[in-house]
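Below is one structure; the comments refer to it alone.
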Amino acid sequence: MGTYPHYTGGVSTWCDLLVRGLPEVRFTLISLVADPSAKPVYDLAPNVERLITVPLWGTGDVLELKRHLSLFRLIRHKRSASTEIIRRLFVPPFERFVQLLWQDEASAAEVGEMLYAMAIYFREHDYDATLRSEPVWGCFLQQTQQGYARFRQTMSRADTLTLLDVTDALRLLYRWLTVLTIPLPEVAVMHTVAAGLCSLPGILARQDSNVSFLLTEHGIYLRERLLALARSEDTLFNQAFQARFDQRLTEASYCFANQIAPGSNYNHRWELRNGAPAGLIQTIYNGPDPQVFTPVISSRRDDTSPTIIWLGRIDPLKDLLTLIRAAAIVHEAVPQARFVLYGKAPKGNEAYYQSCLALRAELGLAETVIFGGFAASAEAAYNEGEFVVLSSISEGFPYSVVEAMMCGRTVVGTAVGGVPEALEGCGFIVEPRNPEAMAEACIYLLQNPLLAQRLGQEARAKALAQFSLQQCNAAYLSTYQHLVTLARNCPTGAYTGHRGTTA
152 MGTYPHYTGG
162 VSTWCDLLVR
172 GLPEVRFTLI
182 SLVADPSAKP
192 VYDLAPNVER
202 LITVPLWGTG
212 DVLELKRHLS
222 LFRLIRHKRS
232 ASTEIIRRLF
242 VPPFERFVQL
252 LWQDEASAAE
262 VGEMLYAMAI
272 YFREHDYDAT
282 LRSEPVWGCF
292 LQQTQQGYAR
302 FRQTMSRADT
312 LTLLDVTDAL
322 RLLYRWLTVL
332 TIPLPEVAVM
342 HTVAAGLCSL
352 PGILARQDSN
362 VSFLLTEHGI
372 YLRERLLALA
382 RSEDTLFNQA
392 FQARFDQRLT
402 EASYCFANQI
412 APGSNYNHRW
422 ELRNGAPAGL
432 IQTIYNGPDP
442 QVFTPVISSR
452 RDDTSPTIIW
462 LGRIDPLKDL
472 LTLIRAAAIV
482 HEAVPQARFV
492 LYGKAPKGNE
502 AYYQSCLALR
512 AELGLAETVI
522 FGGFAASAEA
532 AYNEGEFVVL
542 SSISEGFPYS
552 VVEAMMCGRT
562 VVGTAVGGVP
572 EALEGCGFIV
582 EPRNPEAMAE
592 ACIYLLQNPL
602 LAQRLGQEAR
612 AKALAQFSLQ
622 QCNAAYLSTY
632 QHLVTLARNC
642 PTGAYTGHRG
652 TTA
């Protein structure tokens, strides 16, 4: 459960490698997409039995997603949400859910139970008629006004709540809760790639039947959402509402998961801080195929410009502005060095890409910083360079680091996420948002090429020992088998706490 196979990125790469690497496992994919026009960008593996695509935006009616219903059932469903039924059956769990959103501390189990109660309601009653009804609006308005009033008392500054704010918040909730209407597939294990909206089916299935719920976290969804909200120009109310929703959803995900598999040990402290039981956390590192990502000795002549490689998604979290500023400092010390940046800006990040181009022009680095677009292959890109850089302000356990290591390239990376775990003993760790520190490390490696080569060899050895694709897939197959056994030994029925969760 995530956005694979509709979007590219490190997590989608991992999903594709996992699915294809476990041909003995049959997969049903639930993919959350921005709008109904989204098309898969990955070919489905032979062991994918079904793809369920859930657009969060771009639909006028959630019933558009329920194509399994006959015309008669559609009509009956549409007429099943009278004002009296909504007020009696839906408003109580919805009201309690909104109350829990605004509490400073809330029961994660109760959050999940209210989500489940709403999902049960939507199996028989119309989603759109319900959420657009007067009882729901009145309930949401009252609870939001009361909740935000309490929140304002804890802040030195807070915006005045407007009806437009409340309307926008309910519109967001309408889109987010769409996931509650998905018919749960008949599977043995629900596996989600983040503690966000994509974890909702796992929270529901855990209460609906004896299905195990596995939560993988490459990065920390809550942390990245909070960073994004801090950069946004939304009102304080909108930021607070979205942050509270994300926090409650994260806590419920940890509460209902049978096992939590972070992509690095760094994630543990965030998970524990937000209520994850320590006994459920077991790191599983991702990694590339060592037969694909192999070192290639450069045939570059000595008079050719030394090259530093960056590969990834052009995104504010990757902080390319810091990297470009570091390149300017490197250029002063090693004028012949060049930085080649592989990747493109996804839809929505065009303005950020333009800001990168503007900074490059301002610093006079048109010949030093090269935007190379998509690389012909990641392994070829890494092997072009003397070493690889990563300037991110937030990461999980990034493929660009372990792939570069597997190619025998050392990495200058920022101290975020699992990057220090990967590079300990074989790379350079620098402070994020510090172009001087990044430049200093790059200059040192450029002036000491034998050291860069030796660290690259050590990086390859470490990646082979700890971060291979085969090790990752074997760990997940063992986890699936354990969770299937766990589910079979559990009684069918509602969630009653972390029953038997000794994974």
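My numbering puts the last residue of the sequence shown at 654; the count rises by one with no breaks. We put the beta carbon where it would ideally sit given N, CA and C, even for glycine.
(1) Leaving out five residues before and five after Met664 in sequence, what residues of the same chain have Cβ atoms less than 6 Å from its Cβ?
(2) Determine the extent of the alpha helix (DSSP H) in which Met269 is found, giving its start and end residues.
(3) Answer yes or no: do Val581 and Thr565 have a C-beta to C-beta separation smaller than 8 Å?
(4) For the candidate residues Tyr503, Thr455 and Thr343, whose alpha-carbon lies nearest to that of Val485?
(5) Whole angstroms are fine: how far does the CA of Arg357 sit from the CA of Thr652?
(6) Thinking Val199 and Val170 are a contact (beta carbons under 8 Å), I'd like their distance in whole angstroms, please.
(7) Nearest to Ile432 by CA position, among Ile181, Thr458 and Tyr405, is which residue?
(8) Between which two residues does the alpha helix (DSSP H) carrying Tyr278 extend?
(9) How is Arg489 classed by DSSP in three states: helix, strand or coil?
(10) Going straight from the alpha carbon of Val330 to that of Gln250, what length do you get?
(11) Three Cβ pairs or more, each shorter than 8 Å: is that satisfied between the stretch 188-205 and the stretch 568-584?
(12) Closer than 6 Å by C-beta to Phe522: which residues in its own chain qualify, once you throw out the five before and the five after it? Chain order, please.
(13) In three-state DSSP terms, what is Thr204?
(14) Please classify Glu518: is it buried, with 16 or more other beta-carbons within 10 angstroms of its beta-carbon, or exposed?
(15) Does DSSP put Ser363 in a helix, a strand or coil?
(16) Quick check: the Cα distance between Gln487 and Glu537, rounded to an integer number of angstroms?
(17) Nearest by alpha-carbon distance to Ala189: which of Ala232, Gly209 and Glu530 is it?
(18) Report, in whole angstroms, the separation of the C-beta atoms of Glu325 and Gly347, which I expect to be a contact under 8 Å.
(19) Do you know offhand how far Val192's Cα is from Ser231's?
(20) Is Val447 helix, strand or coil when you go by DSSP?
(21) Mark Glu368 as exposed unless 16 or more other C-beta atoms lie within 10 angstroms of its C-beta, in which case mark it buried.
(22) Tell me the DSSP secondary structure of Ala532 in three-state form.
(23) Quick check: the Cα distance between Leu468 and Val176, rounded to an integer number of angstroms?
(24) Per DSSP, which one or two residues make a beta bridge with Val330?
(25) Can you tell me where the alpha helix (DSSP H) holding His419 begins and where it ends?
(26) The beta strand (DSSP E) with Leu541 in it runs from where to where?
(27) Anyone know if the C-beta pair for Val570 and Glu546 falls short of 8 Å?
(28) Are the stretch 267-280 and the stretch 420-428 touching, with three or more C-beta to C-beta distances below 8 Å?
(29) Just the Cα atoms here: how many angstroms apart are Leu574 and Val562?
(30) Is the beta carbon of Asn437 less than 8 Å from the beta carbon of Phe364?
(31) Taking the beta strand (DSSP E) that Thr343 belongs to, which residues open and close that run?
(32) In the DSSP output, which residue or residues are listed as bridge partners for Ser551?
(33) Which one of Val539, Gly568 and Ala625 has the shortest CA to CA distance from Gln604?
(34) Span of the beta strand (DSSP E) holding Phe522?
Looking at the atomic coordinates:
(1) Residue 664 falls outside the range modelled here, since the chain spans only 152 to 654, and no answer is possible.
(2) Position 118 of the sequence shown holds residue 269. Per DSSP, Met269 belongs to the alpha helix (DSSP H) from Ala259 to Phe273.
(3) The residue given as residue 581 occupies position 430 in the sequence shown. The residue given as residue 565 occupies position 414 in the sequence shown. A contact, by the Cβ cut-off of 8 Å.
(4) Here residue 485 refers to the residue found at position 334 of the sequence shown. Distance check between Val485 and each of Tyr503, Thr455 and Thr343 places Thr455 closest, using alpha-carbon atoms only.
(5) Along the sequence shown, one-based indexing puts residue 652 at 501. Along the sequence shown, one-based indexing puts residue 357 at 206. The pLDDT assigned to Thr652 is 36, lower than 50, so where the model puts this residue is not dependable, and the model offers no usable value.
(6) Numbered from 1 along the sequence shown, position 48 holds the residue referred to as residue 199. Numbered from 1 along the sequence shown, position 19 holds the residue referred to as residue 170. Confirmed, Cβ separation roughly 6 Å.
(7) The residue you call residue 432 lines up with position 281 of the sequence shown. Measuring from the Cα of Ile432, the nearest candidate turns out to be Tyr405.
(8) Here the question's residue 278 lines up with position 127 in the sequence shown. It spans Tyr278 to Leu282 - the alpha helix (DSSP H) in which Tyr278 sits, taken as one unbroken run.
(9) The residue you call residue 489 lines up with position 338 of the sequence shown. If DSSP states are grouped into helix, strand and coil, Arg489 belongs with the strands.
(10) Locating residue 330 in the sequence shown gives position 179, counting from the first residue. Locating residue 250 in the sequence shown gives position 99, counting from the first residue. If you draw a straight line from the Cα of Val330 to the Cα of Gln250, it comes to about 20 Å.
(11) No, the stretch 188-205 does not touch the stretch 568-584.
(12) By one-based count along the sequence shown, residue 522 stands at place 371. Excluding its 5 nearest sequence neighbours in each direction, Phe522 has C-beta neighbours in its own chain below 6 Å: Leu492, listed in chain order.
(13) As a working note, residue 204 is residue 53 in the sequence shown. DSSP places Thr204 in strand when its eight states are reduced to three.
(14) Numbered from its first residue, the sequence shown carries residue 518 at position 367. The residue is exposed, with fewer than 16 neighbouring Cβ atoms inside 10 Å.
(15) On the sequence shown, position 212 is the one that residue 363 refers to. Three-state DSSP puts Ser363 in a strand.
(16) Position 336 of the sequence shown holds residue 487. Position 386 of the sequence shown holds residue 537. If I take the Cα positions, the gap works out to 13 Å.
(17) Taking the first residue of the sequence shown as 1, we reach residue 189 at position 38. If we check each option's Cα against that of Ala189, Gly209 comes out closest.
(18) Within the sequence shown, the letter at position 174 stands for residue 325. Within the sequence shown, the letter at position 196 stands for residue 347. Per the sequence shown, the amino acid found at residue 325 is Tyr instead of Glu. Their Cβ separation, rounded to whole angstroms, is 17 Å, which puts Tyr325 and Gly347 out of contact at 8 Å.
(19) Counted from its first residue, the sequence shown places residue 192 at position 41. Counted from its first residue, the sequence shown places residue 231 at position 80. Going from the Cα of Val192 to the Cα of Ser231 covers about 38 Å.
(20) In the sequence shown, residue 447 corresponds to position 296, counting from 1. Residue state, collapsed to three classes: coil.
(21) Here residue 368 is taken as the residue at index 217 of the sequence shown, counted from 1. Here Glu368 is buried. Its C-beta has 16 or more other C-beta atoms within 10 Å.
(22) For the purposes of this step, residue 532 is taken as the residue at position 381 of the sequence shown. Reduced to three states, the DSSP call for Ala532 is helix.
(23) Taking the first residue of the sequence shown as 1, we reach residue 468 at position 317. Taking the first residue of the sequence shown as 1, we reach residue 176 at position 25. Leu468 and Val176: Cα-Cα distance of roughly 34 Å.
(24) Taking the first residue of the sequence shown as 1, we reach residue 330 at position 179. Val330 has no beta-bridge partner at all, per DSSP.
(25) Against the sequence shown, residue 419 aligns to sequence position 268. Start and end: Asn418 to Arg424.
(26) Your numbering for residue 541 matches position 390 in the sequence shown. Counting along the chain, the beta strand (DSSP E) containing Leu541 begins and ends at Phe538 to Leu541.
(27) As a position in the sequence shown, residue 570 is number 419, starting the count at 1. As a position in the sequence shown, residue 546 is number 395, starting the count at 1. Closer than 8 Å, so yes.
(28) Counting Cβ pairs under 8 Å, fewer than three are found: no touch.
(29) The residue labelled residue 574 in the question sits at position 423 within the sequence shown. The residue labelled residue 562 in the question sits at position 411 within the sequence shown. The straight-line gap from Cα to Cα measures roughly 7 Å.
(30) Taking the sequence shown and counting its residues from 1, one reaches residue 437 at position 286. Taking the sequence shown and counting its residues from 1, one reaches residue 364 at position 213. Note that the C-beta distance between Asn437 and Phe364 is not below 8 Å.
(31) Position 192 of the sequence shown, counted from the first residue, corresponds to residue 343. Element bounds for Thr343: Val340 to Thr343.
(32) Counting from 1 along the sequence shown, the entry for residue 551 is found at position 400. DSSP lists no partner for Ser551.
(33) Mapped onto the sequence shown, residue 604 falls at position 453. Nearest C-alpha to Gln604 among Val539, Gly568 and Ala625: Val539.
(34) Locating residue 522 in the sequence shown gives position 371, where the first residue counts as 1. It spans Val520 to Gly524 - the beta strand (DSSP E) in which Phe522 sits, taken as one unbroken run.
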